[in-house]
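K.L.:
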């Protein structure tokens, strides 16, 4: 009877912790006594479902940072962007994001520990569970390393103080986990479940970030060559990536977000749904983000992102109000795109560079514009400008802009940085330094 009670508590913590108080539940000791071999495949599947829900909350919490700090927005009634880049070790959002990463990590490590302790690793259910855990752990650490650089590497749940590892070590841990995940996960079949294609796409992102360009191209090609995936070539099909239960072939992996409680309402942050929306488009972006250039004209994304009549509205995540571009049957359950095929094309084109990347770039641009006139060659700076402009257009409101400018060294494109280059790394939360000690958690430079 005792083992059954322990098992029930462990499954509750693993599958449903994301809707409760993490610190309180982490003090429930019987969850540490579960024997991985006593878990059935049905039990493990429930833990996997809980982890997917945890990751929905995690990605929602991290979603807007790159747009806010990337100067994509101006303030709405519920937001304040006096200095979008400003932050300090005591800023509440800094601690909140840090806590979210490592609270989410506890649940993912619970899943990984059960996989690693299983004696039934030949089962595809068990293998998929393990691959799912490794993939999500890599995604959490990606969100951490891009912000803080340093992070404590936690391969299992523990209460000990683990010193921060440097940025290179964190990136290597991400790549290591994605390699494990790729070996375990099935081929792509459903955009709402992680797969080998999702692993290769996230690996391509990691390799691009660490300037391992050849490996980035190799991973990107594995995704681009998947016959189940393709770029959309008109405004309506592009817009349908962001509607309930999307069947878009551009989604390599998205979180389904089919919760009925604690709903994640993207459009409340950027649309005027209740008079207290936080953000609206920066004036210059509303006016010019999707403008024609000498190289490209007739951007298919324009009508699906900004309202044609109201410069305060972003309609990328349809919510059934008047003025939306496409219908969204259940706007409270908008999918959360994690990796899209467009990103994989742009990763490959960037990794190939100006001398070799133009054919890849042309394939991508021809799916996004009514007309494309790429020159036969481009200089490195001109080509990088083209890449960054495309990433800005494609991923507006998806959290990429700040890190894109950081990793490419294009700090000249920040309007409010004013020489404060230390802001390219977030401060380690002061509360964490106070707990762990400065020798274990040294502060990032400049704070």
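Numbering (my numbering), first residue to last: 23 to 469.
Beta carbons are placed, not taken as given, at the ideal position from N, Cα and C, and that holds for glycine.
From a predicted model like this one, the values you see are computed outputs, not experimental measurements.
For residue 228, which option in 451, 426 and 354 has the closest C-alpha, if you only look at C-alpha atoms?
P.N.:
Your numbering for residue 228 matches position 206 in the chain shown. Minimum Cα distance to residue 228 is reached at 426.
K.L.:
Run the CB neighbour count on residue 382, radius 10 Å, all protein chains shown included, and call it buried at 16 or more, exposed below.
P.N.:
Taking the first residue of the chain shown as 1, we reach residue 382 at position 360. It counts as buried.
K.L.:
Using the Cα positions of residue 396 and residue 195, report the straight-line distance between them to the nearest angstrom.
P.N.:
Numbered from its first residue, the chain shown carries residue 396 at position 374. Numbered from its first residue, the chain shown carries residue 195 at position 173. Cα-Cα distance, rounded: 39 Å.
K.L.:
Going by DSSP in three states, residue 296 sits in which element: helix, strand or coil?
P.N.:
As a working note, residue 296 is residue 274 in the chain shown. In the structure shown, residue 296 sits in coil (DSSP, three-state: anything other than H, G, I, E or B).
K.L.:
Of all the alpha helix (DSSP H) runs that stay within the bounds of the stretch 133-178, which reach a length of 4 or more residues?
P.N.:
Complete alpha helix (DSSP H) runs here, min 4: 146-170.
K.L.:
Between 336, 129, 464 and 366, which has its C-alpha nearest residue 290's C-alpha?
P.N.:
Position 268 of the chain shown, counting from 1, holds the residue named residue 290. Minimum Cα distance to residue 290 is reached at 336.
K.L.:
From 90, 316, 406 and 198, pick the residue whose C-alpha is nearest to that of residue 370; which is it?
P.N.:
For the purposes of this step, residue 370 is identified with residue 348 of the chain shown, where counting begins at 1. For residue 370, the nearest C-alpha among the options comes from 406.
K.L.:
Whole angstroms are fine: how far does the CA of residue 450 sit from the CA of residue 327?
P.N.:
Sequence index remark: in the chain shown, residue 327 carries index 305 (1-based). Sequence index remark: in the chain shown, residue 450 carries index 428 (1-based). Approximately 34 Å, taken between the alpha carbons.
K.L.:
Assign residue 196 to one of three DSSP states: helix, strand, or coil.
P.N.:
Reading the chain shown from its first residue, position 174 is the one you call residue 196. Residue state, collapsed to three classes: helix.
K.L.:
For residue 176, verify whether its CB is less than 6 Å away from any heavy atom of the ligand NAP.
P.N.:
Judged by which ligands are present, the structure shown has none, so any question about the ligand NAP falls away.
K.L.:
Which partner residues does residue 393 have in the DSSP bridge list?
P.N.:
Taking the chain shown and counting its residues from 1, the one referred to as residue 393 is at position 371. Note: residue 393 sits in a beta bridge opposite 319.
K.L.:
With a threshold of 7 Å between beta-carbons, can residue 267 be considered close to chain B, or not?
P.N.:
Among the chains in the structure shown there is no chain B, since it carries only a single protein chain.
K.L.:
Only counting runs of 4 or more residues, tell me where the alpha helix (DSSP H) segments fall wholly within the stretch 314-366, in order along the chain.
P.N.:
Counting whole runs of 4 or more residues, the stretch 314-366 contains the alpha helix (DSSP H) stretches 324-327.
K.L.:
Where DSSP assigns a beta bridge to residue 275, which residues make up the other side?
P.N.:
One-based indexing of the chain shown puts residue 275 at position 253. For residue 275, which the question treats as bridged, DSSP gives the partners 361.
K.L.:
For a test of the three-state rule: what should DSSP assign to residue 187, helix, strand or coil?
P.N.:
Here residue 187 is taken as the residue at index 165 of the chain shown, counted from 1. Here residue 187 sits in strand by DSSP.
K.L.:
According to DSSP, simplified to helix, strand and coil, what is residue 449?
P.N.:
One-based indexing of the chain shown puts residue 449 at position 427. Coil.
K.L.:
Can you give me the start and stop residues for the beta strand (DSSP E) that residue 268 sits inside?
P.N.:
Within the chain shown, the letter at position 246 stands for residue 268. That residue, residue 268, is in no beta strand (DSSP E); it is neither H nor E in DSSP.
K.L.:
First and last residue of the beta strand (DSSP E) that includes residue 97?
P.N.:
For the purposes of this step, residue 97 is taken as the residue at position 75 of the chain shown. 95-97 is the span of the beta strand (DSSP E), which, as asked, contains residue 97.
K.L.:
How about the stretch 159-166 and the stretch 121-133: do they share at least three Cβ pairs that are nearer than 8 Å?
P.N.:
Segments in contact, yes.
K.L.:
Quick one: grab the DSSP three-state call for residue 308.
P.N.:
For the purposes of this step, residue 308 is taken as residue 286 along the chain shown, with counting starting at 1. Of the three classes helix, strand and coil, the one that applies to residue 308 here is helix, per DSSP.
K.L.:
Secondary structure at residue 405, three-state DSSP: helix, strand or coil?
P.N.:
Taking the first residue of the chain shown as 1, we reach residue 405 at position 383. Helix at residue 405.
K.L.:
Should residue 360 and residue 417 be called a contact, given that it needs their Cβ atoms to be closer than 7 Å?
P.N.:
The count along the chain shown starts at 1 and reaches residue 360 at position 338. The count along the chain shown starts at 1 and reaches residue 417 at position 395. In this structure, residue 417 does not lie closer than 7 Å to residue 360 by Cβ.
K.L.:
Taking all protein chains shown into account, do 16 or more other C-beta atoms lie within 10 angstroms of the C-beta of residue 183, making it buried, or fewer, making it exposed?
P.N.:
Here the question's residue 183 lines up with position 161 in the chain shown. The residue is exposed, with fewer than 16 neighbouring Cβ atoms inside 10 Å.
K.L.:
Beta strand (DSSP E) containing residue 381: first to last residue?
P.N.:
Here residue 381 refers to the residue found at position 359 when the chain shown is read from its first residue. No beta strand (DSSP E) holds residue 381; the alpha helix (DSSP H) holding it covers 380-387.
K.L.:
Looking only at its chain, what residues have a beta carbon closer than 7 Å to the beta carbon of residue 241, apart from the 5 residues adjacent to it on each side?
P.N.:
Taking the chain shown and counting its residues from 1, the one referred to as residue 241 is at position 219. Around residue 241: 222, 225, 226 and 229.
K.L.:
Does the pairing of the stretch 248-264 with the stretch 210-219 give three or more beta-carbon distances under 8 Å?
P.N.:
The stretch 248-264, when compared against the stretch 210-219, does touch it at the 8 Å Cβ threshold.
K.L.:
Would residue 101 and residue 424 be called neighbours here (beta carbons separated by less than 7 Å)?
P.N.:
To locate residue 101, count along the chain shown from 1; it is residue 79. To locate residue 424, count along the chain shown from 1; it is residue 402. No. Outside cutoff.
K.L.:
Quick check on residue 480: does DSSP put it in helix, strand or coil?
P.N.:
Absent from the structure is residue 480, since the part of the chain shown begins at 23 and ends at 469.
K.L.:
Who pairs with residue 303 in a beta bridge, going by DSSP?
P.N.:
Walking along the chain shown from the start, residue 303 turns up at place 281. Paired residue(s): 95.
K.L.:
Please list, in chain order, all residues of the same chain as residue 80 whose beta carbon is under 7 Å from its beta carbon, the five residues on each side excluded.
P.N.:
Walking along the chain shown from the start, residue 80 turns up at place 58. If we look at residue 80 and ignore the five residues flanking it on each side, its Cβ neighbours are 122, 126 and 162.
K.L.:
How long is the line joining the alpha carbons of residue 231 and residue 429, rounded to whole angstroms?
P.N.:
On the chain shown, position 209 is the one that residue 231 refers to. On the chain shown, position 407 is the one that residue 429 refers to. Looking at the two C-alpha atoms, the distance is approximately 7 Å.
K.L.:
In this structure, does DSSP put residue 216 in helix, strand or coil?
P.N.:
Mapped onto the chain shown, residue 216 falls at position 194. Coil, per DSSP.
K.L.:
Under 7 Å, do residue 376 and residue 402 count as touching if we go by C-beta distance?
P.N.:
The sequence position of residue 376 within the chain shown is 354, counting from 1. The sequence position of residue 402 within the chain shown is 380, counting from 1. Yes; because the gap between Cβ atoms is below 7 Å, this pair is in contact.
K.L.:
If you drop the 5 nearest sequence neighbours on each side, which residues of the same chain put their C-beta closer than 6 Å to that of residue 432?
P.N.:
Within the chain shown, residue 432 is the residue found at index 410, counting from 1. Closer than 6 Å at Cβ, skipping near neighbours: no residue.
K.L.:
Could you tell me whether the stretch 136-149 touches the stretch 197-204, where touching means 3 or more Cβ pairs closer than 8 Å?
P.N.:
Touching, no.
K.L.:
Which residue marks the beginning of the alpha helix (DSSP H) containing residue 423, and which one marks its end?
P.N.:
Residue 423 sits at position 401 when you count from the first residue of the chain shown. Here the alpha helix (DSSP H) through residue 423 covers 423-429.
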